[in-house]
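In terms of our numbering, the sequence shown opens at residue 2 and continues consecutively. From the three backbone atoms N, C-alpha and C, an ideal C-beta is built for every residue, glycine too. Predicted model only: the values in this text are computed from it and were never measured.
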Amino acid sequence: MDTNHPSAGSASALQPKTPALSPPLDPPPYTIFQKGEKAILMLILSLIGFCSAISSPIYFPALPTLTSYFKVSEAVINLSVVAYLVFQGIAPTFVGSVADVIGMRPVLVLSAVVFTASCFALSQTNVYWLFAVLRCIQAAGIAPVVAVAASVSGDVCTPRDRGGFVGTVSGMQLVGNGFGGIIGAALILGFNTWRAIFVFLGILGGFAMVLSALLLPETSRLIVGNGSIVPKSILNRLLFSVLPHFRKQLTNDYSTLRKRNKLDLLSSYKILVVPEVFASLVPSGIHYAGWTIALTSLSTELENRYKYSVMHVGLIYLPQGIATLVSSVVTGKALNYYYRYRRAQYDEKYKDTAPENRPSFNISRTRIDICIVPATSMVIGLLMFGWCLQYRKAAISIIIASTLISFSTVSLISCATTLLVDLFPGKSSSSISCLNLVRCMLAALFTGILDHLIQSMGLGGCYTFMAGLCLLSDLMLVCIILVRAKKVMSADTVSEKQALEESEEVTEKQPTSKAEESAIDTGNVLLENRQPKLS
């Protein structure tokens, strides 16, 4: 009771109506999406992303058949692979920026529509030039979903559980790269035509389109905040939001809205200059390029050197496909566990320090530490793969090598994706588009010069060269992160000393309210200090 009021009785009567005397309200939850709803989101995003990832490797077993059908050389047919990768890299850099402004749902549904239409058109094509053009449209249509899916994870997950969501979704998407070869081979063998591949992709895309149109909610915090705000545009509204279960959650809490960004089609390119981003993009891109050319060589070399049938080649793809699936789950759990471990250490060390005086939590180091094991296994896998193929070693050695390569690449890309979402929660689509651009461009470059590399250095020399590039890029990543960490530590020394002095003078204060726990959980204050301004 406020003793400054003239009347205690009147003060008591007016207390419920007086804001100054009301108990502090708990902050709204970061998101209204519950665990089950997040699981549905994860399933839909993984399926749409799977369509994007599988469209490239499912095509590899058909390359010899397409060369004969269109009566073109192997070099010319490889141009369709390169063109696909180029458009897969460029398209998201523009569409991702649009998604950050107009919302995630319209972009995901439209991408599925374009992909489905282009797949059915490809299945009816009879001339090579049109086939190549449609492949470019197919890539441009479906590629943005990878970046948008990562942005959704930033909208519905805090850093504490973001690693598991992002790692699982991005990993499950890349499972398409692992299983694409065997699925393509099975379709060609079963239907005796390459057209079956694109009919299958069209059906898969159509299913993803219907599922996303019916069940995928809008998650952009610019439009729906934490999910409690009814979107103004019908394109962002979920059909089932009229049901009582969803209507009671739509409280229109406008305090959770994020400040609207201006449309900046070059935002993905501006993010490239951030040291942590550049340092994580280059290794991820080179590792992905190594994986891509390994998948390309696998189909052609096994057929030419080992005289395997299409189905036999497809079976060789199966173990490394399983490795991508395992990697996505393991990496997601590892990212979550290690974040909580490092965050608990940080909170324990500075428990007596006021939050505003704490040094910045090193989120970059927390994510990148996970990369040490997969980066090492990637180098080993590439060396094994090249020399075992060159000397025609037993098929089991090829399977082990390709499994190491697949597991490592998925793990590294999952870590890089999670880091970018952490650093740019408000520009997740643009930042992941940047990752997609680098990895696809590097994959296109090395796919384009693959034949030249093999002819010049042999298979063993080619993949030794790639292993060396991977190792150098990994060392660059470690050096940049360590240098940046030292700068952050030196910059925070003054504030840390000041905080320790304050802790001796004031009473220890532990976070007890939900408001304080929410602030610590999301880590927004700490992340804002580490997010660069891109304007």
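Closest by C-alpha distance to residue i, when choosing among the options
i	options	result
Lys39	Leu64, Thr220, Ile91, Leu109	Thr220
Arg259	Val134, Asp156, Phe88	Asp156
Phe132	Leu64, Gly90, Ile364, Pro218	Leu64
Leu326	Ser171, Val102, Arg163	Ser171
Thr293	Val331, Asn305, Arg440, Met458	Arg440
Tyr70	Gly382, Thr194, Ile143, Leu42	Thr194
Tyr31	Met379, Tyr255, Gly382	Tyr255
Cys416	Pro29, Pro160, Leu123	Pro160
Gly382	Arg393, Gln391, Ser398, Thr367	Ser398
Val149	Val110, Gly179, Ile59	Val110
Leu548	Gly179, Leu215, Val278, Arg106	Here the chain comprises residues numbered 2 to 536, so residue 548 is not present and cannot be evaluated.
Leu405	Phe386, Leu443, Leu42	Phe386
Phe116	Asp101, Gln89, Ser98	Gln89
Lys233	Asn253, Leu217, Pro245, Lys249	Asn253
Ile371	Ala396, Tyr338, Cys435	Tyr338
Met210	Ile230, Ile272, Ile143	Ile143
Leu319	Ile59, Leu251, Ala445, Arg248	Ile59
Gly37	Ala335, Ala197, Leu216, Gln391	Leu216
Ile433	Gln250, Ser81, Val278, Ser474	Val278
Ser47	Tyr347, Leu438, Ser213, Ser474	Ser213
Val134	Ala151, Ala84, Leu205	Ala84
Val114	Pro145, Val484, Leu86	Pro145
Leu267	Ala141, Phe95, Leu123, Leu175	Phe95
Gln456	Gln391, Gly207, Arg196, Cys158	Gln391
Cys158	Gly226, Ser57, Leu67, Pro245	Gly226
Residue i classed as buried or exposed, judged by whether at least 16 other C-beta atoms fall within 10 angstroms
i	result
Gly182	buried
Lys352	exposed
Val374	exposed
Gln321	buried
Arg359	buried
Asn363	buried
Ala295	buried
Asn127	exposed
Trp130	exposed
Ser53	buried
Pro35	Strictly speaking, residue 35 in this sequence is Gln, with Pro absent from that position. So Gln35 ends up on the exposed side.
Ile400	buried
Arg393	exposed
Val1	Nothing can be reported for residue 1: it is not among the residues displayed for the chain, which extend from 2 to 536.
Pro93	buried
Val167	buried
Thr218	Here residue 218 is Pro; the residue named in the question, Thr, does not match the sequence. When all chains shown are included, Pro218 counts as buried.
Lys428	buried
Glu518	Confidence at Glu518 is low in this model, with a pLDDT of 43, below 50, so its placement is unreliable and no value can be given for it.
Cys480	exposed
Ile317	buried
Ser474	buried
Ile55	buried
Asn1	The question about residue 1 has no answer here: the residues shown for the chain are numbered 2 through 536.
Ala395	exposed
Contact check, residue i vs residue j, beta carbons under 8 Å
i	j	result
Val314	Ser329	no
Ala290	Phe447	yes
Ser192	Ala324	In the sequence under discussion, the amino acid at residue 192 is Phe, which differs from the Ser named in the question. It is not a contact, given that the beta carbons lie outside the stated cut-off.
Ile540	Ser281	Nothing in the structure corresponds to residue 540, since the chain is present only between 2 and 536.
Asn147	Gly50	As written in the sequence, residue 147 is Val, which differs from the Asn given in the question. Contact: yes.
Thr257	Leu451	no
Pro1	Leu454	Only positions 2 to 536 of the chain appear in the structure, and residue 1 is not among them; the question remains open.
Ser119	Ile138	yes
Val108	Val102	no
Ala402	Cys389	yes
Ser269	Cys435	yes
Gly97	Ser431	yes
Thr332	Met379	no
Gly179	Leu336	no
Gly228	Ile41	no
Leu44	Ala445	no
Residue i CB to nearest heavy atom of the ligand FMN below 7 Å
i	result
Ala445	The ligand content of the structure shown is nil, which means the ligand FMN is not present either.
My parser needs the alpha helix (DSSP H) runs of 4 or more residues fully inside the stretch 33-102; what are they? For the stretch 33-102, whole alpha helix (DSSP H) runs of length 4 or above, ordered along the chain, are 36-55, 64-71.
Uninterrupted alpha helix (DSSP H) stretches inside the stretch 101-158 (no shorter than 4 residues): The stretch 101-158 contains these whole alpha helix (DSSP H) runs: 105-123, 129-143, 145-157.
Any contact between the stretch 223-240 and the stretch 67-77? By contact I mean 3 or more CB pairs, one from each, below 8 Å. These segments do not touch.
Examine the Cβ distances between the stretch 460-472 and the stretch 181-196 and report whether three or more of them are shorter than 8 Å. The count of Cβ pairs closer than 8 Å, one atom from the stretch 460-472 and one from the stretch 181-196, stays below three, leaving the stretches out of contact.
With three or more beta-carbon pairs closer than 8 Å as the criterion, would you say the stretch 407-426 touches the stretch 297-311? Judged by Cβ distances under 8 Å, the stretch 407-426 makes no contact with the stretch 297-311, as fewer than three pairs qualify.
Runs of alpha helix (DSSP H) wholly within the stretch 393-479 (minimum 4 residues, chain order): Whole alpha helix (DSSP H) segments, 4+ residues: 396-424, 429-449.
When the Cβ atoms of the stretch 198-213 are set against those of the stretch 342-357, are three or more pairs found closer than 8 Å? Output reads no: the stretch 342-357 does not touch the stretch 198-213.
Give, in chain order, every unbroken run of the alpha helix (DSSP H) that is at least 4 residues long and sits entirely within the stretch 295-361. Segments of the alpha helix (DSSP H) lying fully in the stretch 295-361: 311-350.
Please specify which runs of the beta strand (DSSP E), each continuous and at least 3 residues long, are wholly inside the stretch 193-246, giving them in chain order. Here no run is fully enclosed.
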